[in-house]
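Asker: When the letters of the sequence shown are read in order and numbered with my numbering, they come out as residues 6 to 237. Attaching a single structure in structure tokens format; questions to follow.
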Amino acid sequence: MLSNAARNSTFYKVRNLVLQKDRLMSETEVLPPAALPGAGKTVGVLALQGGVAEHARMLESLGAQVVLVKSAEQLANLDALVLPGGESSTIDRLTRIFGLRQPLIEAISGGLPTLGTCAGLIMLSTVIDDPAPGQQSLGVLDVSVGRNAFGSQVDSAQVHLPWLTPSGEEVVIDTAFIRAPIVTRTGEGVQVVAHHEGKIVGVRAGNIIGISFHPEVTGDTTVHEELLSLIR
């Protein structure tokens with residue numbers, strides 16, 4: 006029998022959210038494959054560490070072909086890219102070990118539509134306020150970020166969050182915060198698209214979307230559909 010502490014742990018919270026997401030997706034009306042927003046599109050998910058499977062499942066549910074990116078060569082034929090959550094300093098270190106750091110910078114700077122979630126947002130930023138020793142970011146999104154701003158994993162929570170769409174409409178998305186970072190500064194050309202508890206948790210700049218939270222955990226496809234809409 007599970008203790009109260011175990012039931013309240015982030016593992017069980019996230020597991021329950023994933024089960025809920027899978028149930029909701031199974032109850033959703035199935036569209037013809039050609040009508041899905043990701044039909045005919047190839048999206049890479051950086052697959053060095055972190056929440057890779059959740060993003061892959063969501064993108065596949067939207068009709069996209071998913072490539073689990075572990076080498077620079079795999080970036081060449083992508084229509085879009087996701088940098089998932091995880092441990093940002095570990096992902097940073099692995100991108101350098103696998104020779105991906107500079108190719109990622111060049112691909113994203115060159116216009117590849119990119120979504121960074123949680124650790125992915127940290128990776129995209131130009132400045133990390135509180136980096137781990139030796140930690141670097143890609144420097145492709147002109148923001149400063151603070152890591153783990155929402156506290157420990159015990160404080161992680163599911164949230165209904167206002168989101169500003171590209172058309173200027175405000176919608177509410179269902180998402181989860183798990184040891185989430187915040188944006189502490191935005192540069193020129195960076196649009197703030199989401200706040201939580203008075204803090205910036207979502208930004209958009211050209212081909213880049215950066216968010217502090219995890220819609221892939223709850224099954225809300227709003228942000229991933231926006232990423233797919235950036236593909237030209």
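All C-beta atoms in this analysis are idealised placements derived from N, C-alpha and C, irrespective of residue type, glycine included.
Excluding the five sequence neighbours on either side, which residues of its own chain have a C-beta within less than 8 Å of the C-beta of Gly238, listed in chain order?
Answerer: The structure shown does not extend to residue 238, since the chain is modelled only from 6 through 237, so no value can be given for it.
Asker: Put His165 into one of helix, strand or coil per three-state DSSP.
Answerer: In the structure shown, His165 sits in a strand (DSSP, three-state: E or B).
Asker: With the cut-off set at 7 Å, would you say Val145 and Leu129 are in Cβ contact?
Answerer: In this structure, Leu129 lies closer than 7 Å to Val145 by Cβ.
Asker: Below 7 Å CB to CB, which residues in the same chain sit around Gln79 once its five sequence neighbours on both sides are set aside?
Answerer: Within the same chain, Gln79 has close Cβ partners Gly49 and Val72.
Asker: Quick check: what's the CA-CA separation for Val222 versus Leu120?
Answerer: Those two C-alpha atoms are separated by around 15 Å.
Asker: Quick check on the DSSP output: the alpha helix (DSSP H) that includes His60 runs from which residue to which?
Answerer: Unbroken alpha helix (DSSP H) run through His60: Val57 to Ser66.
Asker: Let me know if Glu32 comes out buried or exposed under the rule of 16 or more other beta-carbons within 10 Å of its beta-carbon.
Answerer: For Glu32, the predicted model reports a pLDDT of 43, less than 50, meaning its position is unreliable; a value from the coordinates is still stated below. Classification of Glu32: exposed, given that the 10 Å Cβ count is below 16.
Asker: Among all the DSSP beta bridges, which residues are the ones paired with Leu235?
Answerer: Beta-bridge pairing links Leu235 to no other residue.
Asker: In angstroms, rounded to a whole number, what distance separates the CA positions of Ile110 and Asp179?
Answerer: Each residue's Cα considered, the two are about 30 Å apart.
Asker: Is it true that the CB of Val150 sits closer than 7 Å to the CB of Pro186?
Answerer: Yes, they are a contact pair.
Asker: So Ser130 is in the beta strand (DSSP E); what residue range does that whole segment cover?
Answerer: Ser130 -> beta strand (DSSP E) spans Ser130 to Ile133.
Asker: With distance defined between alpha-carbon atoms, name the residue in Gln107, Glu92, Leu99 and Phe155 nearest to Ile127.
Answerer: Ranking the options by Cα distance to Ile127, first place goes to Glu92.
Asker: For Glu230, does the three-state DSSP call read helix, strand or coil?
Answerer: In the structure shown, Glu230 sits in a helix (DSSP, three-state: H, G or I).
Asker: Could you check what DSSP says for Ala112 in three-state terms: helix, strand or coil?
Answerer: In the structure shown, Ala112 sits in a helix (DSSP, three-state: H, G or I).
Asker: Identify whether Gly224 lies in helix, strand or coil by the three-state DSSP scheme.
Answerer: The answer is coil: DSSP assigns Gly224 none of H, G, I, E or B.
Asker: Between Phe103 and Ile214, what straight-line distance do the alpha-carbon atoms span, to the nearest angstrom?
Answerer: Taking the straight line from one Cα to the other gives about 24 Å.
Asker: What three-state label does DSSP hand Ile183 in the structure shown?
Answerer: Coil at Ile183, not helix or strand.
Asker: Run through the DSSP bridge pairs and tell me what Leu86 is partnered with.
Answerer: According to DSSP, which records beta bridges pairwise, Leu86 is partnered with Gly49 and Thr119.
Asker: Would Asp134 and Thr189 be called neighbours here (beta carbons separated by less than 7 Å)?
Answerer: It is a contact, given that the beta carbons lie within the stated cut-off.
Asker: Taking all protein chains shown into account, do 16 or more other C-beta atoms lie within 10 angstroms of the C-beta of Val74, making it buried, or fewer, making it exposed?
Answerer: Buried: at least 16 other Cβ atoms inside 10 Å.
Asker: Would you report the Cα separation of Leu51 and Ser172, rounded to the nearest angstrom?
Answerer: Leu51 and Ser172: Cα-Cα distance of roughly 29 Å.
Asker: Within 10 angstroms of the Cβ of Asn82, are there 16 or more other Cβ atoms? Answer buried if so, exposed if not.
Answerer: Label assigned to Asn82: exposed.
Asker: Looking only at its chain, what residues have a beta carbon closer than 7 Å to the beta carbon of Thr44, apart from the 5 residues adjacent to it on each side?
Answerer: This sequence places Ala at residue 44; Thr is not what is there. So the list reads Pro38 and Gly68, once near-sequence residues are dropped.
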